[in-house]
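Q:
2 protein chains.
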Amino acid sequence: MSLIEPRTLKGFRDYLPEAMIPRERLIDTARRVYRSYGFVPIDTPALEYEEILAGKGGTESDKQMYRFEDHGGRRVALRFDLTVPLARFVAMYSNELGLPFKRYHIASVWRGENTQRGRYREFMQCDFDTIGSENLTSDIETALVIHDLFKALGLEATIHVNNRRLLNGVLARLELDGKSAGVLRALDKLEKVGPEKVTEELQTQAGATPAQVREILALAAVTGTNDEILRQLEPLVASSELGRDGLAQLRELIGAVRAVGVDEQRVRIDVSIARGLDYYTGTVFETSLDALPSIGSVCSGGRYDNLAQLYTKERLPGIGASLGLDRLLAAMEELGLVEKRRTGASTLLVHFDEARRTDYLRLAARLRAAGVGVEFYPEPKKLGNQLKYADRRGFRFAIVAGDNEWKSGRCQVKTLATGATIDAPMFDAAGAAHPELVALLA
Amino acid sequence: MSLIEPRTLKGFRDYLPEAMIPRERLIDTARRVYRSYGFVPIDTPALEYEEILAGKGGTESDKQMYRFEDHGGRRVALRFDLTVPLARFVAMYSNELGLPFKRYHIASVWRGENTQRGRYREFMQCDFDTIGSENLTSDIETALVIHDLFKALGLEATIHVNNRRLLNGVLARLELDGKSAGVLRALDKLEKVGPEKVTEELQTQAGATPAQVREILALAAVTGTNDEILRQLEPLVASSELGRDGLAQLRELIGAVRAVGVDEQRVRIDVSIARGLDYYTGTVFETSLDALPSIGSVCSGGRYDNLAQLYTKERLPGIGASLGLDRLLAAMEELGLVEKRRTGASTLLVHFDEARRTDYLRLAARLRAAGVGVEFYPEPKKLGNQLKYADRRGFRFAIVAGDNEWKSGRCQVKTLATGATIDAPMFDAAGAAHPELVALLA
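See below:
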């Protein structure tokens, strides 16, 4: 029989244990933090009606969608984000769920985009949203969630916050509010291409006059400490109610985060953040890693006025953010923060003597009952081979017990990083793992 | 604008929080148990080359596969199980992984099958396998993992164990070994259709003589305690080396499990278990819930000789099992074992006075730092509305603090199930959550 060449599709990848273990740790941490604020998990199908996912269509993600006809002749597609399914979900169940509804959703999405370094066609999103309240409390809380998340991960991150009302207010006053999408697209490039190119784009694409361009760029150029920025913004938005309102929200958010005791460095006003989509209407966030800002935002989001208008007449405002799990993992790897472990247990129990198999199994079971993760090597092989296996996998300890040890009731505990060996009693009088042994393996 | 009707595809479902919370708990427990034995997580793409997933084709799952052409004109398909991807994965990375390789994989799979009660087109599998050892240690350990898993879930389950060598040995002696697939198919129906129908099928489909049918059915009819079954099997398999070997393995497995201290009731020899697929070659498992055996096996698997023969010449023997997560959840729901909580936090902090927002936020932050999950209601609403929200969501406690409380520094803690209210100080001298308050919310 000829063999089938084992391979994966371009843009897709396997997660080997050394990548999957830190990924699971990240997900666990995110869930713990989300839950501590009262967010609850949901899940939705990977496959949905094409019509539902395509929405009004015409977007970039729309073109990248994997779509086909199923066995029943239905046009179906794989979800390309978790926001559209959330909108459909909340439209279907809003009565049952009750508002406000705070959910997190951690799941894979698929986009048939051109593959680049670090861009995949399948990746995991890790979103949290508060639906059904327009109160600024949820905006403040979103910043606190992001803060707690990175703190729990042991990463120094800066949350860049802006409020779209500032820009929208100025645009309204300049009678450019119909052009906000084009303005946002141009402003998003500011850091990359510089003010001259953006000026050109604002004039040609958004039809702004030179005076208007000056006002728009002045807004995006304000820098300094949070207090300095708030002061400088005041005259720039003074003539627009919407702009003043955005400034008041920004001021209140910064004040609240400070009052809770978050380090001033961690949450910074950054008026250069536009967040492309027209969809956002208030507070917007991006998050950079202090040690690796070049990797871009690892957690972004913002407030929107109406989540599910394609599916329901009920107006559903909300705010949320999405943790870029894969980008964050790539960054942590680059920063050397990912432990190279390839085992789920701390301890390898060496298999010396098959006649003692049940004794080994009993020892392993008692240690697990005491909270120690133990892998028992499945067959008797040379000690050297088994220790090499333990080293490669990254076990912290190996327990060695041959005939002499079983007769004396004491085993050898080897710390693999140092090679140091200590002997310890295996069982206590009641037949449980001996506390001395458990302490050595803690 | 006309609305798009929000709906899911037939055979697919949304997981609302009350279903998703216990599902996450199940997954967490499974991972904890798998890891404690040294299993490590992997993940593989949902989409693969159709050729890889179809393998040699012609199976039932093959027909049910979702398949289509991607943007690049490749024939692709959604995985229908986690075993084929595992085979492809191990064939690709066996050098890098090193053997033995113990992995778990918890992920969704898709099958376009006819929908029935409790059968979905998207469901989650939760597999663990040990690849690269033929030693019985791994068989014993697989039984112990299943045992620990159900114990950790607080469920009384019985692991039914058999060994395919018993039947294969007898079939070889009867010169029916070429017909084992047909024999297995017939035997799998024994409980459902009774011995007469099975006799008929064995004669017509597998071409067995009446004498042969008697021998086969005699093997499948042995019952009693583990020791009784082992004794009764002895003469039935005596004339076959393979059969004697299977019996010895079964005896050793039962002995080892007993020696480790597992209750004899939990692991039972059941010679009626055939496990349809030709694929299994040694130990096979099924697991039933003592309180709801009718739901069928909730954790099944077995030993195989060669996992990845379609993709590599390297022979990769192994053993594994798959936890039927969705079936188990359905069973737990039927048994009333699923808590109806719809919150990730234990405590709702009532929002009374917007002017105190930062104080509330600080209290919530301090309680979270002390390990208490706290949701802060986003806007000031009537107390009754917020308590109703807390009740519906299943919060255990509500903290009520109005102006008087903030002035006195003490809040009201309401236990929602009883309505009892106790007052407690909010902060300690250092500004942390007061230990008295934390203790009340534990």
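Chains P and X, in that order, give the protein sequences. Residue 98 in the working numbering sits at position 98 of the first sequence, with consecutive numbering throughout. For the working numbering, add 1000 to where a residue sits in the second sequence, where the first one is 1. C-beta: ideal position from N, C-alpha, C; glycine also.
1) Secondary structure at residue 56 of chain P, three-state DSSP: helix, strand or coil?
2) Please check if any C-beta of chain X sits within less than 8 Å of the C-beta of residue 333 of chain P.
3) Under a CB-based cut-off of 8 Å, is residue 1046 of chain X close to chain P?
4) So, for residue 1280 of chain X: in the same chain, excluding its five sequence neighbours on each side, which residues have a beta-carbon less than 7 Å away from its beta-carbon?
5) Quick one: residues in its chain with C-beta nearer than 8 Å to the C-beta of residue 1381 of chain X, no 5 flanking neighbours on either side, listed in chain order?
6) Taking its Cβ as the centre, do 16 or more other Cβ atoms sit within 10 Å of residue 1059 of chain X, making it buried, or is it exposed?
7) So residue 20 of chain P and residue 325 of chain P are supposed to be a Cβ contact under 8 Å. How far apart are they, rounded?
8) Would you identify the three-state DSSP class for residue 186 of chain P, choosing helix, strand or coil?
9) Which of helix, strand or coil does DSSP assign to residue 1191 of chain X?
10) What are the boundary residues of the beta strand (DSSP E) that includes residue 161 of chain P?
11) Kindly indicate which three-state DSSP category residue 1148 of chain X falls into: helix, strand or coil?
12) Look up residue 273 of chain P in the DSSP assignment and say whether it is helix, strand or coil.
13) Any idea if residue 375 of chain P is buried or exposed, counting beta-carbon neighbours within 10 angstroms, 16 or more meaning buried?
14) List the whole-angstrom C-beta distance separating residue 138 of chain P from residue 1378 of chain X, where the pair is believed to meet the contact cut-off of C-beta under 8 Å.
15) Using 8 Å as the threshold, is the C-beta distance between residue 104 of chain P and residue 127 of chain P below it?
16) Does the CB of residue 1042 of chain X have a neighbour CB from chain P at under 8 Å?
17) Assign residue 352 of chain P to one of three DSSP states: helix, strand, or coil.
18) Below 8 Å on the Cβ atoms is my contact criterion, and I expect residue 426 of chain P with residue 437 of chain P to pass it. Report the Cβ-Cβ distance as a whole number of Å.
19) Can you say whether residue 1028 of chain X is buried or exposed, counting buried as having 16 or more other CB atoms within 10 angstroms of its CB?
20) Curious, which full-length beta strand (DSSP E) runs of at least 3 residues does the stretch 1293-1363 of chain X contain?
21) Give every residue of the same chain whose Cβ lies closer than 7 Å to the Cβ of residue 1174 of chain X, excluding the five residues on either side of it in the sequence, and list them in chain order.
22) Residue 1017 of chain X to residue 24 of chain P, Cα distance in whole Å?
23) Does any residue of chain X have a CB that is nearer than 8 Å to the CB of residue 92 of chain P?
24) Please go through the stretch 1057-1142 of chain X and give each complete beta strand (DSSP E) segment of 3 or more residues, from N-terminal end onward.
25) For residue 1204 of chain X, which three-state DSSP category applies?
26) Could you check if residue 26 of chain P is buried or exposed, using at least 16 other CB atoms within 10 Å of its CB as the buried criterion?
27) Leaving out five residues before and five after residue 1343 of chain X in sequence, what residues of the same chain have Cβ atoms less than 7 Å from its Cβ?
28) Tell me which residues of the stretch 1005-1022 of chain X have at least one Cβ-Cβ distance to chain P shorter than 8 Å, keeping chain order.
29) Please state whether the Cβ-Cβ distance between residue 1410 of chain X and residue 1428 of chain X is less than 8 Å.
30) Residue 1385 of chain X touches chain P at which residues, Cβ-Cβ below 7 Å?
31) Quick check on residue 253 of chain P - is its C-beta less than 8 Å from some C-beta in chain X?
32) Is residue 1091 of chain X closer than 8 Å to residue 1360 of chain X when the C-beta atoms are compared?
33) Determine the direct distance from the alpha carbon of residue 322 of chain P to that of residue 284 of chain P, and round the result to whole angstroms.
34) Could you confirm whether any beta carbon from chain X is found closer than 8 Å to the beta carbon of residue 68 of chain P?
35) Report the CB separation of residue 318 of chain P from residue 1070 of chain X in whole angstroms; it is logged as a contact under 8 Å.
36) Where does residue 174 of chain P sit, in a helix, a strand or coil, going by DSSP?
A: The structure says:
1) For this step, residue 56 of chain P is matched to residue 56 along the first sequence. Three-state DSSP puts residue 56 of chain P in coil, outside helix and strand.
2) For the purposes of this step, residue 333 of chain P is taken as the residue at position 333 of the first sequence. Answer no: the Cβ-Cβ gap between residue 333 of chain P and chain X never drops below 8 Å.
3) For the purposes of this step, residue 1046 of chain X is taken as the residue at position 46 of the second sequence. True, the Cβ-Cβ gap to chain P drops below 8 Å.
4) Position 280 of the second sequence, counted from the first residue, corresponds to residue 1280 of chain X. So the qualifying residues of the chain are 1164, 1302, 1303 and 1304.
5) On the second sequence, position 381 is the one that residue 1381 of chain X refers to. Same-chain partners within the cutoff: 1351.
6) One-based indexing of the second sequence puts residue 1059 of chain X at position 59. Exposed.
7) In the first sequence, the residue the question calls residue 20 of chain P occupies position 20. In the first sequence, the residue the question calls residue 325 of chain P occupies position 325. Incorrect: roughly 12 Å between the Cβ atoms, too far for contact.
8) What you label residue 186 of chain P is simply residue 186 of the first sequence in a count that begins at 1. DSSP places residue 186 of chain P in helix when its eight states are reduced to three.
9) For the purposes of this step, residue 1191 of chain X is identified with residue 191 of the second sequence, where counting begins at 1. Residue 1191 of chain X falls in the helix class under three-state DSSP.
10) Walking along the first sequence from the start, residue 161 of chain P turns up at place 161. Residue 161 of chain P: member of the beta strand (DSSP E) spanning 157-163, first to last residue.
11) Within the second sequence, numbered from 1, the residue matching residue 1148 of chain X stands at position 148. Taken through DSSP and simplified to helix, strand or coil, residue 1148 of chain X comes out as helix.
12) What you label residue 273 of chain P is simply residue 273 of the first sequence in a count that begins at 1. Coil at residue 273 of chain P, not helix or strand.
13) For the purposes of this step, residue 375 of chain P is identified with residue 375 of the first sequence, where counting begins at 1. Around the beta carbon of residue 375 of chain P, 16 or more other beta carbons lie within 10 angstroms, which makes this residue buried.
14) Working through the first sequence from its first residue, we reach residue 138 of chain P at position 138. Working through the second sequence from its first residue, we reach residue 1378 of chain X at position 378. Here residue 138 of chain P really is in contact with residue 1378 of chain X; their C-beta atoms are around 5 Å apart, less than 8 Å.
15) Taking the first residue of the first sequence as position 1, residue 104 of chain P is located at position 104. Taking the first residue of the first sequence as position 1, residue 127 of chain P is located at position 127. In this structure, the beta-carbon distance from residue 104 of chain P to residue 127 of chain P falls below 8 Å.
16) The sequence position of residue 1042 of chain X within the second sequence is 42, counting from 1. Residue 1042 of chain X counts as touching chain P.
17) The sequence position of residue 352 of chain P within the first sequence is 352, counting from 1. Looking at residue 352 of chain P - three-state DSSP - the assignment turns out to be coil, as it is neither helix nor strand.
18) Start at 1 with the first residue of the first sequence, and residue 426 of chain P comes out as number 426. Start at 1 with the first residue of the first sequence, and residue 437 of chain P comes out as number 437. In this structure, residue 426 of chain P and residue 437 of chain P form a Cβ contact; the two beta carbons are roughly 6 Å apart against a cut-off of 8 Å.
19) Position 28 of the second sequence, counted from the first residue, corresponds to residue 1028 of chain X. With fewer than 16 other Cβ atoms within 10 Å, it is exposed.
20) Correct list: 1299-1304, 1318-1323 and 1347-1349.
21) As a first step, residue 1174 of chain X is located in the second sequence; it is residue number 174 there, counting from the start. Excluding sequence neighbours, residue 1174 of chain X sits near 1212 and 1215.
22) For the purposes of this step, residue 1017 of chain X is identified with residue 17 of the second sequence, where counting begins at 1. For the purposes of this step, residue 24 of chain P is identified with residue 24 of the first sequence, where counting begins at 1. Going from the Cα of residue 1017 of chain X to the Cα of residue 24 of chain P covers about 21 Å.
23) For the purposes of this step, residue 92 of chain P is taken as the residue at position 92 of the first sequence. By this cut-off, residue 92 of chain P is an interface position.
24) Qualifying beta strand (DSSP E) stretches, in chain order: 1067-1069, 1075-1078, 1101-1110 and 1122-1131.
25) On the second sequence, residue 1204 of chain X is found 204 positions in, with the first residue counted as 1. Residue 1204 of chain X carries a helical assignment under DSSP once its states are collapsed to helix, strand and coil.
26) On the first sequence, residue 26 of chain P is found 26 positions in, with the first residue counted as 1. The residue is buried, with at least 16 neighbouring Cβ atoms inside 10 Å.
27) What you label residue 1343 of chain X is simply residue 343 of the second sequence in a count that begins at 1. Contacts found: 1375, 1393, 1394 and 1395.
28) Near chain P, meaning a CB-to-CB distance below 8 Å, the residues of the stretch 1005-1022 of chain X are 1005, 1006, 1007, 1008, 1009, 1010, 1012, 1013, 1014, 1015, 1016, 1017, 1020 and 1021.
29) Counting from one through the second sequence, the residue named residue 1410 of chain X turns up at place 410. Counting from one through the second sequence, the residue named residue 1428 of chain X turns up at place 428. Not closer than 8 Å, so no.
30) Walking along the second sequence from the start, residue 1385 of chain X turns up at place 385. Within chain P, no residue comes near residue 1385 of chain X; the closest Cβ sits about 11 Å away, beyond 7 Å.
31) Residue numbering aside, residue 253 of chain P sits at position 253 when the first sequence is read from its first letter. Under the 8 Å criterion on CB atoms, residue 253 of chain P is classed as non-interfacial with respect to chain X.
32) Here residue 1360 of chain X is taken as the residue at index 360 of the second sequence, counted from 1. Here residue 1091 of chain X is taken as the residue at index 91 of the second sequence, counted from 1. Inclusion of residue 1360 of chain X and residue 1091 of chain X in the CB contact set at 8 Å is not warranted, their separation being larger than that value.
33) Counting from one through the first sequence, the residue named residue 284 of chain P turns up at place 284. Counting from one through the first sequence, the residue named residue 322 of chain P turns up at place 322. Approximately 12 Å, taken between the alpha carbons.
34) Along the first sequence, one-based indexing puts residue 68 of chain P at 68. A Cβ of chain X is located within less than 8 Å of the beta carbon of residue 68 of chain P.
35) In the first sequence, the residue the question calls residue 318 of chain P occupies position 318. In the second sequence, the residue the question calls residue 1070 of chain X occupies position 70. Between residue 318 of chain P and residue 1070 of chain X, the beta carbon gap of about 33 Å keeps them out of contact (Cβ cut-off 8 Å).
36) Position 174 of the first sequence, counting from 1, holds the residue named residue 174 of chain P. In the structure shown, the three-state DSSP call for residue 174 of chain P is coil.
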